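Heads up: the structure comes next, in structure tokens.
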Amino acid sequence: MKKTLNWTSTLIKEKSLRVNRLFPVACLLPPASIRLLLAACLLSLVSVASQAQTDDARYTTLLARLNSLKAEATQVEDLNAITRLGRAFAYYLDKGYFGEAANLFADEGRVVYGVDGVYTGRDRIKELFTRHGGGSMNAGPGLPFGRLNMHMHLQPLVTISADGRSAQARWREWGQLGNYKDKAEWSDAILENDYIKEDGVWKVREMRYYINFVAPYIGGWASLEPAGRDWRSPISKDFKPDQRSPLNYKRFPEITVPPFHYADNKSSIMTPPPVTAMPKRPDDALGKLEARADQEALKLARVHAVRAVENLQAMFGYYFDKGLWSDAADLFTDDGTWEFGQYGVYQGKASIARGMTVIGPEGLEPGQLNNFPMLQPVIHVSEDNSKAWGRFRSDVMRSVDGPDGMKGQWGGGLYENEYINDNGTWKISKQHYWVTYWGDYDKGWVRDGIIPVDQASTEVPPDAPPTVVYESLPHTYVVPFHYNHPVTGEPHDDMGRLARDKAAGKNVR
Amino acid sequence: MKKSLNQMITSMKNISLKVNGLFPASCLLPPASLVLMLATPVQAQTSAELAALESELDAISTRIERLQDMEEIEILQRSYGYYVDKSLWYSLTDLWTDDGTLEIGGRGVFTGKERVFEYMNVGLSPVGPTQGLLMDHQQFQNLATIHEDGLTAEIRGIAFVMSSGGWGHCYYENDFVKEDGVWKMKTLHGPFNMYSGYAKGWVDDIIINTWPAKFPPPPDLPPTVIYLAYPSYYVEPFHYPNPVTGEPMPASDPKAGGEAFGR
Chain A
602 MKKTLNWTST
612 LIKEKSLRVN
622 RLFPVACLLP
632 PASIRLLLAA
642 CLLSLVSVAS
652 QAQTDDARYT
662 TLLARLNSLK
672 AEATQVEDLN
682 AITRLGRAFA
692 YYLDKGYFGE
702 AANLFADEGR
712 VVYGVDGVYT
722 GRDRIKELFT
732 RHGGGSMNAG
742 PGLPFGRLNM
752 HMHLQPLVTI
762 SADGRSAQAR
772 WREWGQLGNY
782 KDKAEWSDAI
792 LENDYIKEDG
802 VWKVREMRYY
812 INFVAPYIGG
822 WASLEPAGRD
832 WRSPISKDFK
842 PDQRSPLNYK
852 RFPEITVPPF
862 HYADNKSSIM
872 TPPPVTAMPK
882 RPDDALGKLE
892 ARADQEALKL
902 ARVHAVRAVE
912 NLQAMFGYYF
922 DKGLWSDAAD
932 LFTDDGTWEF
942 GQYGVYQGKA
952 SIARGMTVIG
962 PEGLEPGQLN
972 NFPMLQPVIH
982 VSEDNSKAWG
992 RFRSDVMRSV
1002 DGPDGMKGQW
1012 GGGLYENEYI
1022 NDNGTWKISK
1032 QHYWVTYWGD
1042 YDKGWVRDGI
1052 IPVDQASTEV
1062 PPDAPPTVVY
1072 ESLPHTYVVP
1082 FHYNHPVTGE
1092 PHDDMGRLAR
1102 DKAAGKNVR
Chain B
773 MKKSLNQMIT
783 SMKNISLKVN
793 GLFPASCLLP
803 PASLVLMLAT
813 PVQAQTSAEL
823 AALESELDAI
833 STRIERLQDM
843 EEIEILQRSY
853 GYYVDKSLWY
863 SLTDLWTDDG
873 TLEIGGRGVF
883 TGKERVFEYM
893 NVGLSPVGPT
903 QGLLMDHQQF
913 QNLATIHEDG
923 LTAEIRGIAF
933 VMSSGGWGHC
943 YYENDFVKED
953 GVWKMKTLHG
963 PFNMYSGYAK
973 GWVDDIIINT
983 WPAKFPPPPD
993 LPPTVIYLAY
1003 PSYYVEPFHY
1013 PNPVTGEPMP
1023 ASDPKAGGEA
1033 FGR
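Taken in sequence, the protein lines are chains A and B.
Just add 601 to the spot in the first sequence (first one is 1) and you have this note's numbering.
Just add 772 to the spot in the second sequence (first one is 1) and you have this note's numbering.
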């Protein structure tokens, strides 16, 4: 059973217990006049019956409600526990704590290491990461002099199973690797992980590591030749896996799309629907508790919505990465808008998918990299859980077609997005990517390495011009914040405060 | 109590409008349920039962508050990054408690809001974005812990720096406190992992750390820890135990960071 159904059915159960005396009115939807008549008749019945809407029934309803609230709280806690596990894992790899990393796995835990093969059990997993990370099986935690092994695990997209006992998550790994005076490398991978909850503790059951590339710093990913027929790592030849890899793919520059665990289950972007009005509760002891449950339910739904919106933006990013424009556009509302740099505004799913082809064909072309990680979320949800705002960041690794073939580029920018809770499913109603800079890979984002922001396409013209006209680096600007300062609650007004302090003769610049 | 017909119609209309759009499936319940409800005998709940419900609600409420707390301190940490990007030093300073501290790299400890402001404004840049300058301090991988008291919290995080000067990778182990219901930064502690120039990356163009006299202003207190970043080895202690075993962090090998490691 899917979580999707769970949410809706739980809510329906609660609501129906409370409101089923209204069902003929709600269901038949006859012409207004008749509906009013029916309502009047029914209400007379209800007023007689109101005493019989017994405390017992209300009590039972409230108990059921509290149970469903606990289940929802557990779901959000589980989601946080899974992200904690993933982040803890990455911090262990960074510093050569490979045994601690392996301890995050269940007894029969497995790592499917790209096309290399499958390593099963904590001992084997410890050795696998020790060998790849440059540690030593003869030493305690740590790394030798001159070894850099940074693995940033980013953009979690977590789906908890309906029974709450297993979970899956997609992660993006961005690696910064090196040997002092010898080499510096970037790496890029997608992880699809399975988790299991044993005695209340979440553990990794299987980690599927889709290594997309390990590229030399000089030249970067655009310099990579296609992988050979057998592109298993040298380490896998010394340290033989327990099983052949079930994964069969070629790394970059070929375009590989690791299967999405959420292809048929989008429960990760679902929460209770908006609350249009708080129910009126009787003025008695039970009514006070009912009203409090209403408040807590809304509070919880809004906390949950923050995670759903993070998942939604991550989902968008994972599609956008691979040029899956239709899947990405499907995450918008029907009249949603997509604005990217100075391309202008595309509105509606069809138009958005068409607009994205300015970046490349559906599915990208070989050698094209379009990594837009979705990072640093700051999300706020409206009081009624109907709407959300999100600030995100992407640091972009891409390669674009040039006269001499594919050229690597770095980029950076911020999003200020808006989201709608469409009856329990979160959708993007407005996405706006503000370009901070584009930089040539070889030269960096300084001097003549700076690439100005692209202008609107004439071939696939937008539905509307950019909402704000600006230039990217070397020009700088502050993307307006959708939120007030988290401590003072005041709007962000640094430039105004600077001017006032200067006028007051303070020693500031 | 009797209502006028008009009042009744109006209130019904409102309720049905509110309900029918959202819960169409409630229609599936057979009319029999209505009869059953009417037939259920009246029986008041005991005060013990009500008290039990109330304490259940209290427990749920606390859990929700902890979830909120986590989201709130994540926002503080991530906002810090957005403020550094554009030198929004007033907004940045406002994240701190009055007696909060800041310690980045090897520069020592700066105490109180005014000194945090000075560290940034005197040491780094004028308020507001500077033309031509990139200073992105991307906040990644926040691992947040809210303590039992609900009043203190910690985050391990990363600043991944892409700046006009090149690359930087810095950890955080930061402390937060809740004052009058508002979370604030109490201690920002940011040890460096790797700083390098752009041209050849971290193959050799390395900044191993900063120190108190590296640039003004001088600190209020000396560094709490002396260490060297890449290509040497330093691991900032994890504030949390292993999430699966519950065991505290083991010490690193004494030879870590040396050529003799593993020998």
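Ideal placement from N, C-alpha and C gives every residue a C-beta, glycine not left out.
All values derive from a computational prediction rather than experimental measurement.
- Residue pairing from DSSP places A/E774 in a beta bridge opposite A/H754, A/A790.
- Exclusion of the five residues before and after A/V858 leaves K923 as the residues of its chain whose Cβ lies within less than 6 Å of its Cβ.
- Chain A places no beta carbon closer than 8 Å to that of B/N946, leaving this residue out of the contacts.
- Contact with chain A is found for B/A1028, since one of that chain's Cβ atoms lies less than 8 Å from the residue's Cβ.
- One alpha carbon belongs to A/Y919, the other to A/S987, and they sit about 25 Å apart.
- Contacts with chain B (Cβ-Cβ distance below 8 Å) from the stretch 994-1026 of chain A involve R994, D996, W1011, G1013, L1015, N1024, listed in chain order.
- DSSP, reduced to helix, strand and coil, places A/G710 within a strand of the structure shown.
- With its beta carbon at least 8 Å from every one in chain A, B/G962 lies outside the interface.
- In this structure B/Q911 touches B/Q849 by the C-beta definition: roughly 6 Å separates them, less than 8 Å.
- Short of 7 Å from the beta carbon of B/I845, and not among the five residues preceding or following it, lie these beta carbons of its own chain, in chain order: A916, A925, I927, F948, W955.
- Membership of B/A823 in the alpha helix (DSSP H) is indicated by the continuous run 819-857.
- Classified as buried, B/N893 has 16 or more neighbouring CB atoms from the shown chains inside 10 Å of its CB.
- Cβ atoms of A/R732 and A/F840 come within 8 Å of each other, at about 6 Å.
- Taking 9 Å as the Cβ-Cβ cut-off, the stretch 696-711 of chain A approaches chain B at K696, G697, Y698, G700, E701, N704, L705, F706, A707, given in chain order.
- Minimum Cα-Cα distance from A/Y1016 among the listed residues B/M842, B/Y854, B/E843 corresponds to B/Y854.
- In the three-state reduction of the DSSP assignment, A/H1086 falls in the coil class.
- Residues are counted here when their Cβ sits less than 9 Å from a Cβ of chain A; for the stretch 962-976 of chain B these are N965, M966, S968, Y970, A971, K972, G973, W974, V975, D976, given in chain order.
- Bridge pairing for B/Y1006: absent [DSSP].
- Proximity of chain B to A/Q977 at the Cβ level (cut-off 8 Å) is accounted for by R850, G853, Y854, Q910, Q911, F912, in chain order.
- Taking 8 Å as the CB threshold, B/S1024 lines the interface with chain A.
- For B/N893, the enclosing alpha helix (DSSP H) starts and ends at 885-893.
- At the C-beta level, A/S837 and A/D717 come within 8 Å of one another.
- With respect to chain A, the C-beta atom of B/P988 has no partner C-beta closer than 8 Å.
- The continuous alpha helix (DSSP H) containing A/E678 extends over residues 656-695.
- With respect to the 8 Å criterion, A/I726 and A/F746 are not classified as neighbours on the basis of their beta carbons.
- For a Cβ distance threshold of 8 Å, residue set G1034, R1035 of chain B lies close to A/N739, ordered along the chain.
- Per DSSP, reduced to three states, the secondary structure at A/D928 is helical.
- Cβ-Cβ separation between A/E897 and A/L670: approximately 6 Å, consistent with a contact (criterion under 8 Å).
- For A/Y811, the closest of A/V677, A/P847, A/G829 by C-alpha to C-alpha distance is A/P847.
- Counting every other CB atom within 10 Å of its CB across the protein chains shown gives B/S819 a total below 16, marking it as exposed.
- The three-state reading of DSSP puts A/V1054 in coil, since its state is none of H, G, I, E or B.
- Spatial neighbours of A/D928 in its own chain (CB-CB distance under 6 Å, excluding positions within 5 residues in sequence) are listed in chain order as Y920.
- Chain-order list of chain A residues neighbouring B/R887: empty, with the shortest C-beta distance near 14 Å, by a criterion of under 9 Å.
- Chain B has no Cβ within less than 8 Å of the Cβ of A/F853.
- For B/G904, the closest Cβ of chain A is nearer than 8 Å.
- The residue from A/V959, A/V982, A/D885, A/R994 with its alpha-carbon nearest to that of A/V1001 is A/V959.
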